[in-house]
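I have placed the structure first, in the form of structure tokens, so that the comments after it can refer back to it.
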Amino acid sequence: MRKTSIKLLLAYLAGDVAVLAVSLMQGGNWLLNTQAAFACSLLITFASFYSYHRMVQSRLATGAIPPDKFEHYYEDDDEESEKENEDATTQDHPLESEKKPPKIGFKESFQNLSLSYKSAFSVYRIATYGILFLTLSVLVHKSRFDAVAFLIGLSVIPLSGLFGAVFLKKDFYGTYES
Numbered sequence: 006m007r008k009t010s011i012k013l014l015l016a017y018l019a020g021d022v023a024v025l026a027v028s029l030m031q032g033g034n035w036l037l038n039t040q041a042a043f044a045c046s047l048l049i050t051f052a053s054f055y056s057y058h059r060m061v062q063s064r065l066a067t068g069a070i071p072p073d074k075f076e077h078y079y080e081d082d083d084e085e086s087e088k089e090n091e092d093a094t095t096q097d098h099p100l101e102s103e104k105k106p107p108k109i110g111f112k113e114s115f116q117n118l119s120l121s122y123k124s125a126f127s128v129y130r131i132a133t134y135g136i137l138f139l140t141l142s143v144l145v146h147k148s149r150f151d152a153v154a155f156l157i158g159l160s161v162i163p164l165s166g167l168f169g170a171v172f173l174k175k176d177f178y179g180t181y182e183s
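If you want the numbering used here, it's the 1-based position in the sequence shown plus 5.
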């Protein structure tokens with residue numbers, strides 16, 4: 006989780022640098038609103054990651070999730086390339102030997118939702134949304150609120166995640182396409 010968090014933080018900070026440059030040209034209110042919104046959005050994101058991480062760890066500890074259920078998502082690239090080389094030399098059709106991740110249907114998705122409600126309504130997430138509300142309230146009360154700048158600051162996290170995935174050509178399961 007630490008490596009993923011650091012990589013995401015770097016991507017988010019790169020997006021914030023771009024917004025910071027625009028904010029400096031727009032003035033003090035823009036800078037204040039974008040950075041306050043970015044900080045709140047970053048807190049919410051990491052609170053969400055932490056609460057889901059704790060949920061998965063507790064479910065692994067109790068045996069609700071078998072430890073090998075997600076192993077195929079985290080195999081080393083070296084092991085995968087060795088398997089591909091072996092498959093290519095032993096079979097005429099290497100694409101047939103590739104394992105596809107199992108499809109999740111509506112029933113499984115609903116079961117996952119019902120099992121993860123505790124992390125969705127965790128104290129960490131609720132507290133960070135409270136911080137967002139207080140930040141917004143203070144900006145409005147002090148007549149420093151700029152809606153466009155605030156929304157741009159909130160959008161840095163999702164947009165930098167999207168652009169990071171697109172520019173790195175990274176697929177859903179965390180492996181790089183060739």
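Virtual Cβ for every residue (Gly too), placed ideally from N, Cα, C.
- In its own chain, which residues sit with a C-beta less than 6 Å from the C-beta of Ala-16, not counting the 5 before and 5 after it? Counting only Cβ-Cβ distances below 6 Å, and skipping sequence neighbours, we find Ser-165, Gly-169.
- Give the DSSP-derived three-state secondary structure of Asp-151 in the structure shown. The answer is coil: DSSP assigns Asp-151 none of H, G, I, E or B.
- Phe-126 in three-state terms, based on DSSP: Three-state result, Phe-126: coil.
- Query: Which value, in whole angstroms, describes the spacing of the CA atoms of Ala-41 and Ala-26?
  - Reply: Going from the Cα of Ala-41 to the Cα of Ala-26 covers about 15 Å.
- Message: Judging by CA-CA distance, which residue of Ala-44, Gly-135, Lys-12 is the nearest neighbour of Val-24?
- Response: Val-24 has its Cα closest to that of Ala-44, out of Ala-44, Gly-135, Lys-12.
- Could you give the DSSP three-state label for Gly-32: helix, strand or coil? In this structure, Gly-32 counts as coil in the three-state DSSP scheme.
- Message: Using 8 Å for Cβ pairs, my map puts Ile-162 next to Thr-39. What's the rounded Cβ distance?
- Response: That belief does not hold up - the Cβ atoms of Ile-162 and Thr-39 are roughly 12 Å apart, past 8 Å.
- Does the beta-carbon of Ser-46 have 16 or more other beta-carbons within 10 angstroms, so that it is buried, or is it exposed? Under this definition Ser-46 is a buried residue.
- Close Cβ partners of Asn-34 (< 6 Å) along its chain, the five nearest in sequence each way excluded: Within the same chain, Asn-34 has close Cβ partners Arg-149, Asp-151.
- Considering only residues of the same chain and omitting the five flanking positions on each side of Tyr-55, which have a CB-CB separation below 7 Å? Result list for Tyr-55: Tyr-129, in chain order.
- Query: Are the CB atoms of Gln-31 and Ala-132 nearer to each other than 9 Å?
  - Reply: No, these two residues do not count as a Cβ contact at 9 Å.
- Item | Whether Leu-18 touches Leu-29 by CB criterion (9 Å) | The answer is no: Cβ separation not under 9 Å.
- Whole-angstrom distance between Lys-12 and Gly-135, CA atom to CA atom: Distance between the alpha carbons of Gly-135 and Lys-12 is about 26 Å.
- Would you report the Cα separation of Lys-147 and Leu-65, rounded to the nearest angstrom? Distance between the alpha carbons of Lys-147 and Leu-65 is about 47 Å.
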